[in-house]
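Undergrad:
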Amino acid sequence: MNSVIIFTSLLVMLLSVKHGLLISQHPKLLVISYDAFRYDYFDRTPFMNKLKHEGTYADYMMNIFVTKTFPNHHTMATGLYAETHGVVDNEFYDPASGNTTKYSYNLYHYNNRILPIWTVNQKAGAQRRSGTMMWPGGIYEYQGISPTFAQNFNETVPWEERIDTLISWFVHPIHPINFGILYIEEPDYHGHVIGIKGPQFDDILRKLDNITRYLHNKIEYHGLHDLNVVHLSDHGMATVKLDRIIDLTKYINSSDYKFVGTSPGLHIFPNPGKEEIIYQTLKQAALKSKTFRVFKRDEIPKKYHYGNNTRIGPIFVIAEIGYAFQNLLDNIEYYKKKFNITGYLCLVTSDSEFGLHGYDNEAIEMHPFFFANGPAFMPKCKLEPFNNLDLFPLFCKILDLQCPIGNGTISHLTKCLKKHQQDITVIAYRLIFVATIISMTLVVIIGAIIIFYMRKRRLGAKSYRRILEDLEAQYHWDENHDIENDTCKLNNFPDLFVISCYAKNRLSYAYKGNIKYRKTLFHCR
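All letters in the sequence shown, in the order written, are residues -20 to -1, 1 to 505 by mature numbering (1 follows the signal peptide of the UniProt record, and there is no 0).
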């Protein structure tokens, strides 16, 4: 019975520390991106607005040029401009092969020396692990290293399921991650089709607010109190109307070139011998209409950090804010089919408004948001607007990683970081872990010793009772016989042992090799 109690106590103790032992002891970070969530949407998302002002936040972030999804997500993951990491658009064209490369391994491997943050964390070893949930480029190997967990983009997977899966990676019983990164495709997808105003778009924002609450409820439920959570977006969104669509075929013959990309930025690849005439024609049209700009690759302004890459077209055109090229309508049809958007929501009329991004990153409509909560961040701390290039060194700081030098700096964010917070957290975890192991070991040893002696005592008592029963059956013992200091021989047991007989009238127990019969103790020599 006592052994059952001891082992029950051990089990309770193990269960009480189980949760802490299964979670990674490294600093933990979760990054969640809401595609095209503009910096000024928070008046329609009360929970996110409250969370924002409770933590570290900025009014907005500055993203990179072009303000599109894949380039900016890879910038946040690497800390590099698009011309350096090579994801210059959501697709690129190779004139030598004639192939257009869309979302693929090759899109993200312009330079194999460049590593995203999840690979840097994974490569650091010491049981550091990463999980990527639908983040652009997150499923691929970099330098032969894959994240411990990765899930490719699939818009049919409910947001709740994505979050449940990601949180399960943090509390995985064998391979818990310490870094997770999550992508949500809204409000981008519906914003393109229905615009960013009106009750339908507000409903999308309300759903995002609810899923953010769901995420934090899950974090609380699993006791991930030391998890740092960064909420952000890649770009904003601007409104475009039908009367602001530019038809380039009014100026140049479509058979003289190939274009790659989507409005408002297009890469034009002229046929051999056609580059100069196409450039000059578009230049004149741009000067006259003032609705778009035209650059040769080497003329792209240095401030954009965009032109120094062979994936950029020989001619690049970019629409002014609020304008778009003709292919916008093709993109709208794509989104309508992709998300089965039907009925009055997708009727195209002269009053229809569409959402679009990809413009100059200095346009305020393109600004994304940032806020963060967790043990590494100061509460209610406001930052000045900063570049999304600075996120990579921030992630490295939180995760306590030695990261390669990029185009960003952490100096713009240190104001709102708790000093030495991560070092203290790691040391505390290690001390708790060591103390727990020592305590459990001591309890197990003590319990084993107690059980060993209890079992030995029970076995000894059974043996003594058998011997005494034999003696009682064969001999008559005088209870009052004083045999102190007297040595006697048990003649009938010459081959057993010689005993010294002592009268021990008040002893009530037997120990070691002693045999007690009634009030007399026989001590075996």
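Positions of the beta carbon are idealized from the N, C-alpha and C atoms, including for glycine. Predicted model only: the values in this text are computed from it and were never measured.
1. Suppose contacts are defined by Cβ-Cβ distances below 8 Å. Is P348 in contact with D206 by that definition?
2. Let me know the secondary structure DSSP gives G160 once reduced to three states.
3. Is it true that the stretch 192 to 203 meets the stretch 134 to 150, where meeting means three or more beta-carbon pairs spaced less than 8 Å apart?
4. Let me check understanding here. Comparing Cα to Cα, which of P96, I378, V173, F150 lies closest to S332?
5. Give me the Cα-Cα distance between I292 and R277, rounded to the nearest whole angstrom.
6. For a test of the three-state rule: what should DSSP assign to M217, helix, strand or coil?
7. How far does the alpha helix (DSSP H) with K198 in it reach, from first residue to last?
8. Starting from M114, follow its DSSP beta bridges and name the residues at the other end.
9. Name the two residues that bound the continuous beta strand (DSSP E) containing S13.
10. Any idea which residues DSSP pairs G245 with across the strands?
11. Excluding five sequence neighbours on each side, which residues of the same chain lie with their C-beta closer than 6 Å to the C-beta of M56?
12. Based on DSSP bridge pairs, tell me the residues matched to M42.
13. Rounded to whole angstroms, what is the Cα-Cα separation between Y169 and D227?
14. Pop quiz: I157 and S4 are said to be a contact at Cβ under 8 Å. What is the actual Cβ separation, rounded to whole angstroms?
15. Residues in the same chain with beta-carbon distance under 6 Å from G241, minus the five sequence neighbours each way, listed in chain order, please.
16. From M217 to I417, what does the alpha carbon distance come to, in whole angstroms?
17. Could you say if the stretch 121 to 136 and the stretch 176 to 193 meet the contact criterion of at least three C-beta pairs nearer than 8 Å?
18. Can you check whether the CB of V210 is closer than 8 Å to the CB of L9?
19. Taking DSSP as the reference, what is the three-state secondary structure of residue 506?
20. May I ask which residues mark the beginning and end of the alpha helix (DSSP H) holding R142?
21. Tell me whether H347 sits in a helix, a strand or coil according to DSSP, three-state version.
22. Taking N311 as the reference, which of G171, T192, K263 has the closest Cα?
23. Hey, R224 and Y339 are a contact pair by Cβ (cut 8 Å); roughly how many whole angstroms apart?
24. Near Y231, which residues of its chain fall below 7 Å by C-beta distance, leaving aside the five closest residues on each side in sequence?
25. Using three-state DSSP, classify G335 as helix, strand or coil.
26. Enumerate in chain order the residues of its own chain whose CB-to-CB distance from G287 is below 7 Å, with the five nearest sequence positions on each side excluded.
27. V240 bridges to which residues according to DSSP?
28. Quick check on the burial criterion: 16 or more other C-beta atoms within 10 angstroms. Buried or exposed for N353?
29. Look up H285 in the DSSP assignment and give the residues it is bridged to.
30. Among all the DSSP beta bridges, which residues are the ones paired with K276?
31. Using the beta-carbon count (16 or more within 10 Å), is Y61 buried or exposed?
TA: If we stick to the structure as given:
1. No, Cβ-Cβ distance for P348 and D206 is not below 8 Å.
2. Strand.
3. Yes, the stretch 192 to 203 is in contact with the stretch 134 to 150.
4. Sorting P96, I378, V173, F150 by C-alpha distance to the C-alpha of S332 places V173 at the top.
5. If I take the Cα positions, the gap works out to 7 Å.
6. Secondary structure of M217 (DSSP, three-state): coil.
7. Start and end: 179 to 201.
8. Note: M114 sits in no beta bridge, so no partner.
9. Element bounds for S13: 8 to 14.
10. In the DSSP output, where bridge partners are listed per residue, G245 has I298.
11. Contacts found: N368, L371.
12. As a beta-bridge residue in DSSP terms, M42 pairs with N367.
13. Between the C-alpha atoms of Y169 and D227 there is a straight-line separation of about 24 Å.
14. I157 to S4, Cβ: 6 Å. Contact.
15. Taken in chain order, the residues that qualify are D69, H247.
16. A straight-line Cα-Cα distance of about 53 Å links M217 and I417.
17. No: fewer than three Cβ pairs fall under 8 Å.
18. Remark: C-beta atoms of L9 and V210 approach each other more closely than 8 Å.
19. The structure shown does not extend to residue 506, since the chain is modelled only from -20 through 505, so no value can be given for it.
20. Note, R142: alpha helix (DSSP H), 139 to 150.
21. Of the three classes helix, strand and coil, the one that applies to H347 here is coil, per DSSP.
22. Among G171, T192, K263, the Cα nearest to that of N311 belongs to G171.
23. Rounded, the Cβ-Cβ distance is 13 Å, inconsistent with contact.
24. The answer, listed in chain order, is T261, L262, A265.
25. Secondary structure at G335: strand, using DSSP grouped into helix, strand and coil.
26. So the list reads E63, R277, D278, I280, once near-sequence residues are dropped.
27. Bridge partners of V240: H247.
28. Buried, because 16 or more other Cβ atoms sit within 10 Å of the Cβ of N353.
29. Beta-bridge pairing links H285 to no other residue.
30. I295.
31. With 16 or more other Cβ atoms inside 10 Å of its own Cβ, Y61 counts as buried.
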